[in-house]
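Taking the working numbering, the leading residue of the sequence shown gets 503, the next gets one more, and so forth.
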Amino acid sequence: MVRLHKLFTIIAISSAAILSGCASVKTASTSADAKAKTFVTNPNQAKLYIYRNEFMGAALRMAVELNGKEIGKTGPKSYFAVDVAPGKHNIVSKAENDTSLEVMAEAGKNYFIWQEVKMGFLLARSKLQLVDEAQGKAGVRESQLLEMDGNSSANISNTSPSANVNAGAGTNSSSNTTTNTQTKPVNPSVDTSATTTPAKQAEASSYPVKIEKVPFEIGTSSATVERIAKQNSCESKQGAGLLYKKGPVEVYRVECSDGREIKARCELRQCSIFTP
Numbered sequence: 503m504v505r506l507h508k509l510f511t512i513i514a515i516s517s518a519a520i521l522s523g524c525a526s527v528k529t530a531s532t533s534a535d536a537k538a539k540t541f542v543t544n545p546n547q548a549k550l551y552i553y554r555n556e557f558m559g560a561a562l563r564m565a566v567e568l569n570g571k572e573i574g575k576t577g578p579k580s581y582f583a584v585d586v587a588p589g590k591h592n593i594v595s596k597a598e599n600d601t602s603l604e605v606m607a608e609a610g611k612n613y614f615i616w617q618e619v620k621m622g623f624l625l626a627r628s629k630l631q632l633v634d635e636a637q638g639k640a641g642v643r644e645s646q647l648l649e650m651d652g653n654s655s656a657n658i659s660n661t662s663p664s665a666n667v668n669a670g671a672g673t674n675s676s677s678n679t680t681t682n683t684q685t686k687p688v689n690p691s692v693d694t695s696a697t698t699t700p701a702k703q704a705e706a707s708s709y710p711v712k713i714e715k716v717p718f719e720i721g722t723s724s725a726t727v728e729r730i731a732k733q734n735s736c737e738s739k740q741g742a743g744l745l746y747k748k749g750p751v752e753v754y755r756v757e758c759s760d761g762r763e764i765k766a767r768c769e770l771r772q773c774s775i776f777t778p
């Protein structure tokens, strides 16, 4: 038992070091970064912005593969900007897990893929999500452009016979990936479920806070909660106000125009409605 406890202690210390350090990645020039952040597109191509705007797992570089070939590795607050031909493209993020996403790209459009970092057992995990333009641009603007692998070939064939990518790299991807196909931008934080379990309701209601008296304040997940409220036919002029925050947990309130009131609990940007 003592040895087992020591093993878990070593694992915890190692994980903390990995999650708190800072990975070294090769960034592009300031001028290239500024040009990418104009978000100008080629009428004959689409552009993929693959960004990682979090410090969690900062010591771990996460490899990104496009159509089966590695284009480079991300670090905290970094992104790739890749011009691709119209058609289907497969993106893979490799960390403690492998996760993949298929994007059907149209010419003249930008697509924003968020490489979300999550807590893993020994290393950080990741999840690729196609997000809307507003969220994507905000994430890219707070990040630094990366140089793609210098050993990459000039073109990477995608999963569609007629389309090519204008930059890429040389290694093959693993076949053991979790595929998540999306064809239009979505907000990854919205929990579309209108109900919560009794356990979550009890947990959320256990916080000893008089939330009715907290002044209105915008929080990180206000926009997410507002979308959830609209999904439950709740329209509000004021929006979602932050009522309570402790660590990763936030509680929000939305006053509906029809007199109802909706409260939501968010943890690590995952939100759901609860009844105190």
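Think of the CB as a built atom: it goes at the ideal place given N, C-alpha and C, for glycine as much as any other residue.
Cα-Cα separation between residue i and residue j, rounded to whole angstroms
| i | j | result |
| --- | --- | --- |
| E649 | V751 | 36 Å |
| A779 | Q631 | What is shown of the chain runs 503 to 778, which leaves residue 779 out entirely. |
| D585 | V642 | 16 Å |
| E567 | E644 | 22 Å |
| L745 | Y553 | 30 Å |
| L562 | Y613 | 25 Å |
| E757 | N734 | 12 Å |
| I730 | C773 | 8 Å |
| L603 | K732 | 27 Å |
| T726 | Q617 | 18 Å |
| K590 | C736 | 37 Å |
| K639 | T777 | 34 Å |
| I775 | K739 | 19 Å |
| G610 | E572 | 24 Å |
| M606 | K596 | 21 Å |
| A534 | Y581 | 12 Å |
| Y470 | E598 | No information on residue 470 is available, as it lies outside the stretch 503 to 778 that the chain covers here. |
| D634 | A626 | 25 Å |
| Q547 | A636 | 21 Å |
| D651 | E728 | 40 Å |
Three-state class that DSSP yields for residue i in the structure shown
| i | result |
| --- | --- |
| A629 | Rather than Ala, the amino acid found at residue 629 in this sequence is Lys. Strand at K629. |
| R767 | strand |
| T532 | helix |
| A607 | strand |
| A583 | strand |
| T543 | coil |
| R563 | coil |
| S595 | strand |
| V527 | coil |
| E714 | With a pLDDT of 44 at E714, under the threshold of 50, the modelled position of this residue cannot be trusted; read the value that follows with caution. Three-state DSSP puts E714 in a helix. |
| S645 | coil |
| Q637 | helix |
| S759 | coil |
| K732 | helix |
| S738 | coil |
| S723 | coil |
| Q772 | strand |
For residue j and residue i, believed in contact at Cβ under 8 Å, the rounded distance
| i | j | result |
| --- | --- | --- |
| R767 | V753 | 6 Å |
| G741 | S724 | 6 Å |
| T543 | K549 | 5 Å |
Option in the options with minimal Cα separation from residue i
| i | options | result |
| --- | --- | --- |
| K748 | K732, S774 and G721 | G721 |
| R790 | F718, K590 and T540 | In the structure as shown, the chain starts at 503 and stops at 778, and residue 790 therefore has no counterpart that could be examined. |
| V594 | A609, K611, I615 and A534 | I615 |
| M564 | E635, T777 and D600 | D600 |
| K629 | V619, E608, A636 and E635 | V619 |
| S531 | S738, T777, Q646 and C736 | Q646 |
| A587 | S602, E608 and C736 | E608 |
| I764 | N569, H591 and G743 | G743 |
| A538 | G570, A583, N555 and N592 | A583 |
| G570 | R771, N592 and V633 | N592 |
| L770 | E598, V633 and E556 | E556 |
Open item on the list: Does the structure place the region 571-589 close enough to the region 523-540 that three or more beta carbon pairs sit under 8 Å?
Closed with: They touch, by the three-pair rule.
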